[in-house]
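According to the working numbering, the residues represented by the sequence shown are 375 to 530, in order. Cβ atoms here follow ideal geometry from the backbone N, Cα and C, with glycine treated the same way. Keep in mind it's a predicted model, so treat the numbers as computed, not measured.
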Amino acid sequence: MSELIVGAEAPDFTLTTDSEGSVHLSDLRGRTVVIYFYPKADTPGCTTEAMDFSARKSQFEAADATVIAISPDACAKHARFRAKHDLTITLASDEDHAVAEAYGVWVEKKNYGRTYMGVERSTFLIGSDGRIAKIWRKVRVKEHAEAVLQAVKELG
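Structure, rendered in structure tokens:
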């Protein structure tokens, strides 16, 4: 699959969540949607990112935006992650990494000389028309949620 670009239609998906049953991207047409992919619940970077987005949830909602965090973790792990850190955003489970593959974020990674497949921390801003408005790849967590919120407000 070719890499997604700004202006392309966002790949639709239906994923199970730990708190809402399931989330269907197509059901959110007409709203701005922030989808961010993270490698693994309850690791330092992923925890910081989830807490930062949760802390701004009301601001995203005020801008008519929905935040969906996606990882390959099972819903049970998401439920523990949510409870442990009082997370308020939607946590969606992509255990077969089909959605990560559709968005081009299931990639070969290297750590301590070991090569493996995993999620590249990435964020996609999807406009109310269902098209990708902005993409952040290889995200650095610090101040990222605030930068995404600013982009949502600018998209207006």
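Do you know whose CA, among the options, lies nearest residue i's CA?
i: residue 462; options: 403, 392, 379; result: 392
i: residue 532; options: 475, 528, 459; result: Limits of the chain in this structure are 375 at one end and 530 at the other, which puts residue 532 out of reach.
i: residue 416; options: 450, 441, 433; result: 450
i: residue 477; options: 438, 524, 511, 454; result: 511
i: residue 441; options: 424, 456, 457, 454; result: 424
i: residue 411; options: 509, 521, 444; result: 444
i: residue 480; options: 453, 388, 506, 414; result: 414
Where does residue i fall in DSSP's three states?
i: residue 397; result: strand
i: residue 529; result: helix
i: residue 488; result: strand
i: residue 481; result: strand
By DSSP's criteria, residue i is part of a beta bridge. Which residues make up the other side?
i: residue 383; result: 505
i: residue 458; result: Paired residues: none, contrary to the question.
i: residue 466; result: 391, 444
i: residue 499; result: 408, 508
Original post:
At which residue ranges does the segment 399-449 contain complete alpha helix (DSSP H) runs of 4 or more residues, listed in the order of the chain?
Top reply: 418-429, 431-436
Original post:
Counting pairs of Cβ atoms below 8 Å between the segment 432-441 and the segment 378-393, do you hit three or more?
Top reply: no
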